[in-house]
Amino acid sequence: MCEGYLRSLCGKSGRTDIHAASAGIFAHPGDPASPHAREVMKKYGADISGHAARGVDASAVSKADLILTMTASQRKNLRSAFPGAADKVHLLLEFADAPGADVPDPFGGSFQAYESCFRKMKEAIDNLFLTLNAKS
573 MCEGYLRSLC GKSGRTDIHA ASAGIFAHPG DPASPHAREV MKKYGADISG HAARGVDASA
633 VSKADLILTM TASQRKNLRS AFPGAADKVH LLLEFADAPG ADVPDPFGGS FQAYESCFRK
693 MKEAIDNLFL TLNAKS
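So for the sequence shown, the working numbering puts the first residue at 573; every next one is plus one.
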């Protein structure tokens, strides 16, 4: 959902220099976004119907300028697995009013669970986007 929303913001503002890609530590490569995730994103103006899950790998980590995790545990795991990239691995909610907080995983939950999760992420992504725009 984060990738789709950030891409949507970039598309609407003409920012072709910002690239977003999501990857999961326990992803099943090729899996589509869940139906509830697609519904929530459609409600917020982003189409993620073409999304396919990807796993985290060294190539993606080395190409990234910034890596955002949903949980402190994910941040710790990525920093351990890729110590050379530790400085660019952060919690997503560091960009919201909840630094240090985890984003709850809505997997298997209701539409409302996905929407609640997205609202938490949206604040952080909006703030991140404003920060990126201020630096350009």
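For each residue, glycine too, the CB sits at the ideal point set by N, CA and C.
{"Asked": "Would you grab the beta carbon distance between L663 and G672 for me? Rounded to a whole angstrom, and I think it's under 8 Å.", "Found": "7 Å"}
{"Asked": "Do you know how far the Cα of P676 is from the Cα of N710?", "Found": "Examination of residue 710 is not possible in this model, given that the chain is present from 573 through 708 alone."}
{"Asked": "Decide yes or no for the touch test of the stretch 607–627 against the stretch 636–652: beta carbon pairs closer than 8 Å, at least 3 of them.", "Found": "no"}
{"Asked": "Among the candidates K694, F598, Q684, G681, whose CA atom is the shortest distance from the CA of A668?", "Found": "K694"}
{"Asked": "Please classify F598: is it buried, with 16 or more other beta-carbons within 10 angstroms of its beta-carbon, or exposed?", "Found": "exposed"}
{"Asked": "Who are the near neighbours of A632 in its chain, counting only those whose CB is closer than 8 Å to its CB and skipping five residues on each side?", "Found": "A593, A595, R626"}
{"Asked": "Applying the 10 Å Cβ sphere with the 16-neighbour rule, what's the burial state of G576?", "Found": "buried"}
{"Asked": "Output the distance between the C-alpha atoms of P607 and A630, rounded to the nearest integer angstrom.", "Found": "29 Å"}
{"Asked": "Kindly indicate which three-state DSSP category V628 falls into: helix, strand or coil?", "Found": "coil"}
{"Asked": "Out of Y686, N705, L640, A605, which one is the CA nearest neighbour of E666?", "Found": "L640"}
{"Asked": "Which full runs of the beta strand (DSSP E) of 3+ residues lie inside the stretch 597–650, going along the chain?", "Found": "639–641"}
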